[in-house]
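Engineer: Take this structure, written in structure tokens, and hold onto it; I'll ask about it next.
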């Protein structure tokens, strides 16, 4: 399974061909399904980078498939597509856990951008920084720096990987410590990993 696979529930042949060409140019591999049952069966075995579901397909609807995947706490972001983008359907999709709702027809660059935004959001939510009790006070860049700190990266490595100057990285580190109310990186890391422990684990450790 490629790490760039996109599972797509879409029964229209013309739309399939368009999506395949579009996503290939963006570096993704399209895996198409004509019905929700087939997609769910594959999704139980493999997790793609994201899932695109057409609302109106024969048999089980895209909304039903979305609901069932979310009941499984599925990790990949799910985006809904519809040529009948009425507001109630869009609202229902988002309330059911969709990362986005995209109306057809759409601009190719818009679709790719919204896929990438959904995937970035999923990665951010899964990052160690997301478990930090002060995470909501951090900017997006500060959360990226914190993730690198938790991975043990040096300032020089962070600067290179994030495309920043070492001085800017140090400024971000200082802001993170200030917002967390600690003075050292060691105190910060204890706070992060302590927040990720379950109460029972902390009691056992004591």
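Residue numbers (this note's numbering): 2 to 207. Just so it is clear, CB atoms sit at the ideal spot from N, CA and C, and this is done for glycine as well.
1. Closer than 7 angstroms by C-beta to residue 33: which residues in its own chain qualify, once you throw out the five before and the five after it? Chain order, please.
2. Considering just the uninterrupted stretch of the alpha helix (DSSP H) at residue 68, what are its terminal residues?
3. What is the rounded straight-line gap between the Cα of residue 139 and the Cα of residue 54?
4. Quick one: give me the first and last residue of the alpha helix (DSSP H) that residue 104 is part of.
5. Please classify residue 114 as buried or exposed, where buried requires at least 16 other C-beta atoms within 10 Å of its C-beta.
6. Buried or exposed, going by whether 16 or more other CB atoms sit within 10 Å of the CB of residue 58?
7. On the premise that residue 70 lies in contact with residue 99, defined as a C-beta separation below 8 angstroms, what is that separation, rounded to the nearest angstrom?
8. Taking residue 109 as the reference, which of 22, 176, 96, 13 has the closest Cα?
9. Would you mind reading off the limits of the alpha helix (DSSP H) that contains residue 58?
10. How is the beta strand (DSSP E) around residue 7 delimited, first residue to last?
11. DSSP three-state label for residue 189, please.
12. Taking DSSP's pairing of strands, which residues face residue 34 in a bridge?
13. Looking at residue 7: is its Cβ nearer than 8 angstroms to the Cβ of residue 49?
Structural biologist: On the basis of the supplied data:
1. As a first step, residue 33 must be located in the chain shown, where it is residue number 32. 9, 11, 17, listed in sequence order.
2. Working through the chain shown from its first residue, we reach residue 68 at position 67. Note, residue 68: alpha helix (DSSP H), 63-72.
3. Residue mapping note: residue 139 aligns to position 138 of the chain shown, counting from 1. Residue mapping note: residue 54 aligns to position 53 of the chain shown, counting from 1. Using only the alpha carbons, I get a separation of about 33 angstroms.
4. As a first step, residue 104 is located in the chain shown; it is residue number 103 there, counting from the start. Careful: residue 104 lies outside any alpha helix (DSSP H), inside the beta strand (DSSP E) at 101-104.
5. Against the chain shown, residue 114 aligns to sequence position 113. Under this definition residue 114 is an exposed residue.
6. Taking the chain shown and counting its residues from 1, the one referred to as residue 58 is at position 57. That one is buried.
7. Counting from one through the chain shown, the residue named residue 99 turns up at place 98. Counting from one through the chain shown, the residue named residue 70 turns up at place 69. That pair is no contact at about 10 angstroms.
8. As a first step, residue 109 must be located in the chain shown, where it is residue number 108. Closest option to residue 109, Cα to Cα, is 22.
9. Position 57 of the chain shown, counting from 1, holds the residue named residue 58. That residue, residue 58, is in no alpha helix (DSSP H); it is neither H nor E in DSSP.
10. Counting from one through the chain shown, the residue named residue 7 turns up at place 6. First-last of the beta strand (DSSP E) with residue 7: 6-10.
11. On the chain shown, residue 189 is found 188 positions in, with the first residue counted as 1. Here residue 189 sits in helix by DSSP.
12. Translated into positions along the chain shown, residue 34 becomes position 33. DSSP, once it has assigned bridges, lists 10 as partnering residue 34.
13. Sequence index remark: in the chain shown, residue 7 carries index 6 (1-based). Sequence index remark: in the chain shown, residue 49 carries index 48 (1-based). Yes, the Cβ-Cβ distance between residue 7 and residue 49 is below 8 angstroms.
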